[in-house]
Amino acid sequence: FVAQRGEGREERAMGDAMMVDEDGEEYGDECFLDVSFQPEGTISLNHQLTDVDLTGNRLKQLPDVSMLCSVKRLVVRQNLIESALPLGQLTTLTHLDLYDNQLSKSTGLGSLTSLTTLDFSFNQIRAVEELDTLTNLRDVYFVSNKISAMPNPATLSSLTTLELGGNRIREIVCLTGLPSLQNLWLGRNKISTIANLGCLTTLKILALPSNRITKLEGLGGLGMLEELYVSHNGIRRIEGLLDLHLLNTLDVGSNNVTEVEGVAHLSLLEEFWCGQNQLSSFDSIANLKPCRNLKTVYFEQNDIQKEVDYAARILAMLPTLTQLDATPIKPATAAS
2 FVAQRGEGRE ERAMGDAMMV DEDGEEYGDE CFLDVSFQPE GTISLNHQLT
52 DVDLTGNRLK QLPDVSMLCS VKRLVVRQNL IESALPLGQL TTLTHLDLYD
102 NQLSKSTGLG SLTSLTTLDF SFNQIRAVEE LDTLTNLRDV YFVSNKISAM
152 PNPATLSSLT TLELGGNRIR EIVCLTGLPS LQNLWLGRNK ISTIANLGCL
202 TTLKILALPS NRITKLEGLG GLGMLEELYV SHNGIRRIEG LLDLHLLNTL
252 DVGSNNVTEV EGVAHLSLLE EFWCGQNQLS SFDSIANLKP CRNLKTVYFE
302 QNDIQKEVDY AARILAMLPT LTQLDATPIK PATAAS
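Position 215 of the sequence shown, counting from 1, maps to 216 under the numbering used here, and the rest follow consecutively.
This is the structure we're talking about:
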């Protein structure tokens, strides 16, 4: 399975394809091993490899990885791995993907201080542990585990993305020490209150769909926020958005909203998704008129959609639209 196309620069220059890693550095085919979805095959590792993909091989334990002294990217998705401890010796790793295995702990990787991306999604992990030393991490994913307490990885000053969707988290903790965090994903948890976010002044995307939230609050200080997703909750009013002057996407679909309010100051708003709510009249959406950059709105599965000349009246009210619900708007239609 090891593709060895030559030992030196001279042979690579004669026609071998060059690939680019996460840091923009080129490497040749002889450094790349892809044995994904070959469960009956033999996995042969060597010291040259920098990029290894072992996806979908029904592996119950990791092969001997001790010779991977140059590896930067390791993908072990969709296997049956129960322990990641052998990976602790791979100190050159920058990207580690253990998505969809049988892992119950995230421990044993504290020596991988070069890691920038770590994915433990779709495992059986109950607590996020031992990330403190991984100070170069930029992207961390723990989607669909069994985590009940939200971690506070305060030493990860380079972290830009934290994804904890699909867990059992009930409370948002104050995430101090994360001056670079831009994307926070907390969908499909058990969160009832939006709180403790004021310290995340660099946040651009906040996702809280499919929780137990009944009130839009706790968003003060998030002046850099560009996208807010709170669909599939129990929200009754659109409020608490005064500081979100850069917001371009707002998703409040599948809630209990009866009127669009608290949005007139959002001059950069382009996407407004409010399907499956309780909007019953055109007056209930009139507060969107000052939003002169609106491109897309969703009002499907509201009572307003049953009104005569629904599309025409929406377009007359919001002439900048290029899409209404799932239907693109042709320029001629908008003009008419």
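Where a beta carbon is used, it is the ideal one built from N, C-alpha and C, also for glycine. Owing to the predicted nature of the structure, the values given are computational and were not obtained by experimental measurement.
| Query | Result |
| --- | --- |
| Assigned secondary structure, ASP98 (DSSP; H/G/I helix, E/B strand, else coil) | strand |
| VAL258 beta carbon less than 8 Å from that of LEU242 | no |
| Buried versus exposed, by CB contacts within 10 Å (16 or more), THR95 | buried |
| Top-ranked residue by Cα proximity to THR215, from ALA327, ARG78 and ASN256 | ASN256 |
| Best match in TYR299, LYS290 and LEU245 for proximity to THR321 [C-alpha to C-alpha] | LYS290 |
| Sheet register partners of THR162 (DSSP bridge) | ASP140 and ASN184 |
| Spatial distance of LEU50 from THR92 (CA atoms) | 14 Å |
| C-beta atoms of ILE170 and SER149 nearer than 8 Å | yes |
| Same chain, Cβ closer than 7 Å to SER211, five either side skipped, listed in chain order | GLY188, ARG189 and HIS233 |
| Residue burial classification, ASN249 (beta-carbon count within 10 angstroms, cutoff 16) | buried |
| ARG74: first and last residue of the uninterrupted beta strand (DSSP E) it sits in | 74–76 |
| Host beta strand (DSSP E) of ILE206 (start-end) | 206–208 |
| Simplified DSSP assignment, three categories, for ALA325 | In the sequence under discussion, the amino acid at residue 325 is Leu, which differs from the Ala named in the question. Strand. |
| LEU316 - containing alpha helix (DSSP H), residue span | 311–318 |
| Separation of LEU81 from LEU60, as counted between CA atoms | 5 Å |
| Whole-angstrom distance between LEU88 and ALA196, CA atom to CA atom | 36 Å |
| Same chain, Cβ closer than 8 Å to THR134, neighbours up to 5 away in sequence not counted | GLY111, SER112, THR114 and THR156 |
| Close Cβ partners of LEU223 (< 8 Å) along its chain, the five nearest in sequence each way excluded | LEU198, GLY199, LEU201, THR202, LEU204, LEU207, ASP244 and LEU245 |
| Same chain only: Cβ atoms within 8 Å of GLY254, ignoring 5 sequence neighbours per side | SER232, HIS233, TRP274, CYS275, GLY276, GLN277, ASN278 and TYR299 |
| As assigned by DSSP and simplified to three states, the class of PHE338 | Only positions 2 to 337 of the chain appear in the structure, and residue 338 is not among them; the question remains open. |
| Cβ pair ASN288, LEU270 closer than 8 Å | no |
| Between the CA atoms of LEU55 and LEU1 - distance to the nearest angstrom | The question about residue 1 has no answer here: the residues shown for the chain are numbered 2 through 337. |
| Bridge partner(s) assigned by DSSP for PHE300 | According to DSSP, which records beta bridges pairwise, PHE300 is partnered with nothing at all. |
| Closest residue to ASP65 among LEU138, ALA85 and TYR100 (Cα-Cα distance) | ALA85 |
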